[in-house]
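Each protein sequence line maps, in turn, to chains Z and P. Residue 354 in this note's numbering is what sits at position 354 of the first sequence, and the numbering runs on without skipping anything. This note's numbering runs 1000 ahead of the 1-based position in the second sequence. Accompanying notes for the structure given below.
2 protein chains.
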Amino acid sequence: QMCWFDDSLISLYFTIQIRITLRFSSPQALIPFLFLPFASALFPTSLTPHQFQNPISMRSDDGQWRCRVPVNKVAIVGGTHGNERIGVHLVTHFTENPELVTRPSFSTSVVLSNTAAVEAIGTGAGRRYVEEDLNRCFSNQRLNSEPCDAESVEMKRARELDMLLGPKHSEKPNSDFIFDLHSTTANTGVLLCYHQHDTFSAALCSFLQSRDPSVSLLLWPAGADLGLLPTVGRGGMTVEIGPMPHSTVNSTLLRRTMQLLQDSLDFIHQANTLQGLPPPPPQPPRVFSSAGSVDFPRDAEGRITGFIHPDLESKGELREGGALRDGDFVFQNLDGTPVPFDRATHVPSLSGQDSELYPVFVNEAAYYEQHKAFIVCNRVS
Amino acid sequence: QMCWFDDSLISLYFTIQIRITLRFSSPQALIPFLFLPFASALFPTSLTPHQFQNPISMRSDDGQWRCRVPVNKVAIVGGTHGNERIGVHLVTHFTENPELVTRPSFSTSVVLSNTAAVEAIGTGAGRRYVEEDLNRCFSNQRLNSEPCDAESVEMKRARELDMLLGPKHSEKPNSDFIFDLHSTTANTGVLLCYHQHDTFSAALCSFLQSRDPSVSLLLWPAGADLGLLPTVGRGGMTVEIGPMPHSTVNSTLLRRTMQLLQDSLDFIHQANTLQGLPPPPPQPPRVFSSAGSVDFPRDAEGRITGFIHPDLESKGELREGGALRDGDFVFQNLDGTPVPFDRATHVPSLSGQDSELYPVFVNEAAYYEQHKAFIVCNRVS
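Rendered as structure tokens:
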């Protein structure tokens, strides 16, 4: 038998919240604000937790992804990258207006993730990170390592967030499903990323794509010890939207993110009410998985000698018919000469493969230092 | 009588260069690379400095702006904001290919400005600044203050750059004309900013706009003790181009910046050859001056409650007929309601004025922390 809100869990939530609030004594310290009591108050008497005595398990083969119905505890996270501002502002907005993100069948917590990077100076509005990318700190290897004073501000925050939203792989994590809100300078449109074994994410994302065919789906790399924030919950996904300069907000893209969350929360509530997944859409989803990355052209000293070609820059990503073919211009050198795509040169690891390659995250600012001009994907379905 | 390259000046250049090179021991330390000896080698015998024995003075009324023909020493500066990457990469490119920026009648130096911010981590490719905005450090008040160890990395660099490119207001500054290469997240297109008393900039910019009517011209604020980098030379201008996310390069905009520099250097060489300004274009230029700024809507706690409205976001800036009228939607609240422009509310300082207002730098990332959603301009001509 499953119990939704046991008192010890609630007090754990608030202990953690108070500790974090004390640590970050800025206005944003009021975030994370947890809506458990609020959600309990809203709880209609006709729908009690005891309707879900036999949760439908979706534990995957490797035991790591097991989001299941009912989804009792949802977390909406923003500011994992401090300069991706849609999430930062939506966290504030949802904290002020919790009714927007609550539904009768689950509770919702709203969390500002990399608080230090959100506040950091140097760009006008936040940095991606202060010392290292927070969204690479949630691997088993990192979280299981011994904490030490010398570790980065991000690793310290990752341990706090793991306590708040996980712990990762625990039997009773504090989040059944996590939405991590991001944005990108690339022309991704809405791009949802999740684990291939996360059946609930797959169902939710198929539903979202059936409502809006421009929504793209991308699987996280399989078999890796992923360091992504949503991996600390039972299930979860990364919500990307672009193109938008970091440290700014585009109102249209912000409102599109809000609508996507509304549709997602409705889906979760429907699944809880049905005690199972709604029937899948008739059309199979369009899903991709990343296969490799392509660096900018560089000279002998490692300096970039060409940037994304206008043909590729303007292209919507992961679209039907959007595969990259050998000879398509991908870069333009500073002297104006175009550089055609050549699979054998640009992604030698895939030179033996003849499957179509789709570019994504083209000209994402954060990837310059990682020597990635764009990522290439295979189409899975 | 005027002497172009006296030996003491050359040795001053190289003393400074070596000092700076030692301080920044990265690959970029090879920048600033000064092309004086290179330019001397190129110098055609038919065109000697002695043709210009009577320089045409363009000293302004206030004695501060006096770029004059011949323009002997040009500087091209990039990376004043470390995340505005067109300038950063063009500095490298021109250092490797000096023939692109030299002309027979003048020498050109190429300088990477905020070296620390260009290298700073946290975004993927540079920060605008490390401690403060370098492009506010070149005021008389700041430069004339006593140097101290506690001052910012930017103020220290400003003093070095003032020595290298100025000194500001000296009789013999090391730059007759400075191009400072910037970019912006706003939809400015090419936007050239200069001092109203800088007759040479005005002539150059009128010429550039006559070649490409989409080029916009904006005067720096009059009468202020300007802290902008180009103010350390005899004359100079800020080259803005957008829209482009910071920490990325858009190849089309990079190549447009290159072309603009080519046209500008040709103009300078022509003026030197003519020993005066070429005749002005028949059409008077379209010129604006900034009049004020408008903040985002905020709640009682100072949190932003609405972002740029899609109607304003997409608009080309400083275009013919692009004036903002009361009632035009300028913001969109997070709940979707539009906020119409109201001069009396949004720019109370201009409420008595009935001249047309043109928005510029709409949704520039760097201005969020300055509480500027956009700048409003008056049309001057």
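Glycine included, every Cβ here is placed at the ideal spot set by N, Cα and C.
State the Cα-Cα distance for the pair K1172 of chain P and T1108 of chain P, rounded to the nearest angstrom. Numbered from 1 along the second sequence, position 172 holds the residue referred to as residue 1172 of chain P. Numbered from 1 along the second sequence, position 108 holds the residue referred to as residue 1108 of chain P. C-alpha separation (whole angstroms): 16 angstroms.
Could you tell me which whole beta strand (DSSP E) segments of length 3 or greater appear in the segment 293-347 of chain Z? 306-308, 329-333, 338-340
Are the segment 304-322 of chain Z and the segment 1247-1258 of chain P in contact at 8 angstroms, needing three or more beta carbon pairs? yes
Given a limit of 8 angstroms on CB to CB distance, which residues of the segment 1355-1372 of chain P reach chain Z? N1363, E1364, A1365, A1366, Y1367, Y1368, E1369, Q1370
Which runs of the beta strand (DSSP E) spanning at least 3 residues fall entirely within the segment 140-211 of chain Z, listed in chain order? 177-181, 189-194
The segment 244-257 of chain Z: which residues have C-beta closer than 7 angstroms to a C-beta of chain P, in chain order? P245, H246, S247, T248, V249, N250, S251, T252, L254, R255
For P281 of chain Z, I'd like the list of residues in its chain whose CB is within less than 7 angstroms of its CB, leaving aside the five on either flank, ordered along the chain. Within the first sequence, numbered from 1, the residue matching residue 281 of chain Z stands at position 281. So the list reads S206, F207, S210, once near-sequence residues are dropped.
Taking the C-alpha atoms as reference points, what is the distance between Y358 of chain Z and V330 of chain Z? Position 358 of the first sequence, counting from 1, holds the residue named residue 358 of chain Z. Position 330 of the first sequence, counting from 1, holds the residue named residue 330 of chain Z. Cα to Cα, Y358 of chain Z sits roughly 12 angstroms from V330 of chain Z.
Backbone CA spacing between P1213 of chain P and R1319 of chain P [nearest angstrom]: As a first step, residue 1213 of chain P is located in the second sequence; it is residue number 213 there, counting from the start. As a first step, residue 1319 of chain P is located in the second sequence; it is residue number 319 there, counting from the start. If I take the Cα positions, the gap works out to 10 angstroms.
Would you call the segment 227-239 of chain Z and the segment 68-85 of chain Z in contact, with 3 or more CB pairs under 8 angstroms? yes
Minimum Cβ-Cβ distance from A125 of chain Z to chain P less than 8 angstroms: Stepping through the first sequence from its first residue, residue 125 of chain Z is reached at position 125. Chain P, which has a Cβ nearer than 8 angstroms to the Cβ of A125 of chain Z, makes this yes.
If I'm right that F386 of chain Z touches D354 of chain Z with Cβ under 8 angstroms, what's the distance once you round it to whole angstroms? Past the boundaries of the shown model lies residue 386 of chain Z; chain Z is included only from 1 to 381, so the question cannot be answered.
Taking E1313 of chain P as the query, report the chain Z residues whose CB atoms sit under 9 angstroms from its CB, ordered along the chain. Here residue 1313 of chain P corresponds to residue number 313 of the second sequence, with the count starting at 1. By Cβ distance, chain Z contributes N250, S251, T252.
Are the CB atoms of T123 of chain Z and T1123 of chain P nearer to each other than 8 angstroms? Here residue 123 of chain Z refers to the residue found at position 123 of the first sequence. Here residue 1123 of chain P refers to the residue found at position 123 of the second sequence. A contact, by the Cβ cut-off of 8 angstroms.
Counting only C-beta atoms, is V130 of chain Z closer than 8 angstroms to chain P at any point? Counting from 1 along the first sequence, the entry for residue 130 of chain Z is found at position 130. For V130 of chain Z, the answer is yes, since a Cβ of chain P falls inside 8 angstroms of its Cβ.
For N1083 of chain P, return the contacting residues in chain Z, with the cut-off set at a CB-CB distance below 7 angstroms. Residue mapping note: residue 1083 of chain P aligns to position 83 of the second sequence, counting from 1. Those are T123, listed as they occur along chain Z.
Identity of the residue in Z:R159, Z:G82, Z:A125, Z:L165 nearest L110 of chain Z by Cα: Counting from 1 along the first sequence, the entry for residue 110 of chain Z is found at position 110. Strictly speaking, residue 110 of chain Z in this sequence is Val, with Leu absent from that position. That would be Z:L165, whose Cα lies nearest to the Cα of V110 of chain Z.
Assuming T184 of chain Z contacts F361 of chain Z under a Cβ cut-off of 8 angstroms, what Cβ separation, rounded to an integer in Å, is found between them? Taking the first residue of the first sequence as position 1, residue 184 of chain Z is located at position 184. Taking the first residue of the first sequence as position 1, residue 361 of chain Z is located at position 361. The Cβ separation is near 6 angstroms, so the contact holds.
Contact list for P1310 of chain P against chain Z, beta-carbon separation under 7 angstroms: Along the second sequence, one-based indexing puts residue 1310 of chain P at 310. Within chain Z, the residues near P1310 of chain P are S251, T252.
Do G1306 of chain P and V1339 of chain P have their C-beta atoms closer together than 8 angstroms? As a first step, residue 1306 of chain P is located in the second sequence; it is residue number 306 there, counting from the start. As a first step, residue 1339 of chain P is located in the second sequence; it is residue number 339 there, counting from the start. Result yes, Cβ atoms of G1306 of chain P and V1339 of chain P sit closer than 8 angstroms.
Could you check the C-alpha separation between K1156 of chain P and R1286 of chain P for me, to the nearest Å? As a first step, residue 1156 of chain P must be located in the second sequence, where it is residue number 156. As a first step, residue 1286 of chain P must be located in the second sequence, where it is residue number 286. In a straight line, the C-alpha of K1156 of chain P is about 37 angstroms away from that of R1286 of chain P.
Between S1349 of chain P and Y368 of chain Z, how many whole angstroms is the CB-CB distance? I'm expecting something under 8 angstroms. Taking the second sequence and counting its residues from 1, one reaches residue 1349 of chain P at position 349. Taking the first sequence and counting its residues from 1, one reaches residue 368 of chain Z at position 368. That belief does not hold up - the Cβ atoms of S1349 of chain P and Y368 of chain Z are roughly 40 angstroms apart, past 8 angstroms.
Start and end of the beta strand (DSSP E) containing R1379 of chain P? Position 379 of the second sequence holds residue 1379 of chain P. R1379 of chain P -> beta strand (DSSP E) spans 1374-1379.
Measuring CA to CA, which of Z:R85, Z:A75, Z:K73 is closest to I1304 of chain P? As a first step, residue 1304 of chain P is located in the second sequence; it is residue number 304 there, counting from the start. Among Z:R85, Z:A75, Z:K73, the Cα nearest to that of I1304 of chain P belongs to Z:R85.
G336 of chain Z: contacting residues in chain P (beta-carbon distance under 8 angstroms): As a working note, residue 336 of chain Z is residue 336 in the first sequence. Within 8 angstroms Cβ-Cβ: R1255.
Taking Cβ positions, are N135 of chain Z and K73 of chain Z nearer each other than 8 angstroms? Residue numbering aside, residue 135 of chain Z sits at position 135 when the first sequence is read from its first letter. Residue numbering aside, residue 73 of chain Z sits at position 73 when the first sequence is read from its first letter. Not a contact, by the Cβ cut-off of 8 angstroms.
For Q946 of chain P and chain Z, any beta-carbon pair shorter than 8 angstroms? The question about residue 946 of chain P has no answer, for chain P in this structure spans 1001 to 1381.
Can S1264 of chain P and F1179 of chain P be called in contact, C-beta distance under 8 angstroms? The residue labelled residue 1264 of chain P in the question sits at position 264 within the second sequence. The residue labelled residue 1179 of chain P in the question sits at position 179 within the second sequence. Cβ distance < 8 angstroms, so S1264 of chain P and F1179 of chain P count as in contact.
Once you ignore the five residues that flank P1243 of chain P on each side, which residues in its own chain have a CB closer than 8 angstroms to its CB? Mapped onto the second sequence, residue 1243 of chain P falls at position 243. Same-chain partners within the cutoff: T1184, T1185, A1186, N1187, T1188.
In chain P, what lies closer than 8 angstroms to A120 of chain Z by C-beta? Here residue 120 of chain Z refers to the residue found at position 120 of the first sequence. Within chain P, the residues near A120 of chain Z are G1122.
If we ignore side chains and look at the alpha-carbon of each, how far apart do P147 of chain Z and A158 of chain Z end up? In the first sequence, counting from the first residue as 1, residue 147 of chain Z sits at position 147. In the first sequence, counting from the first residue as 1, residue 158 of chain Z sits at position 158. Cα to Cα, the separation comes out at about 11 angstroms.
Give me the Cβ distance between N1272 of chain P and S1105 of chain P, rounded to the nearest whole Å; I'm assuming they're in contact under 8 angstroms. By one-based count along the second sequence, residue 1272 of chain P stands at place 272. By one-based count along the second sequence, residue 1105 of chain P stands at place 105. Indeed they touch by this definition, with Cβ atoms about 4 angstroms apart.
Is R1142 of chain P near N1083 of chain P, with beta carbons less than 8 angstroms apart? For the purposes of this step, residue 1142 of chain P is taken as residue 142 along the second sequence, with counting starting at 1. For the purposes of this step, residue 1083 of chain P is taken as residue 83 along the second sequence, with counting starting at 1. No.
Assign F267 of chain Z to one of three DSSP states: helix, strand, or coil. Counted from its first residue, the first sequence places residue 267 of chain Z at position 267. In the structure shown, F267 of chain Z sits in a helix (DSSP, three-state: H, G or I).
Terminal residues of the continuous alpha helix (DSSP H) containing I1086 of chain P? Counting from 1 along the second sequence, the entry for residue 1086 of chain P is found at position 86. First-last of the alpha helix (DSSP H) with I1086 of chain P: 1085-1096.
Nonlocal neighbours in the same chain, by C-beta distance under 7 angstroms from A291 of chain Z, ignoring five residues either side: Position 291 of the first sequence, counted from the start, is the residue given in the question as residue 291 of chain Z. For A291 of chain Z, where only same-chain residues beyond five positions count, the Cβ hits under 7 angstroms are L350, L357, V376, C377, N378.
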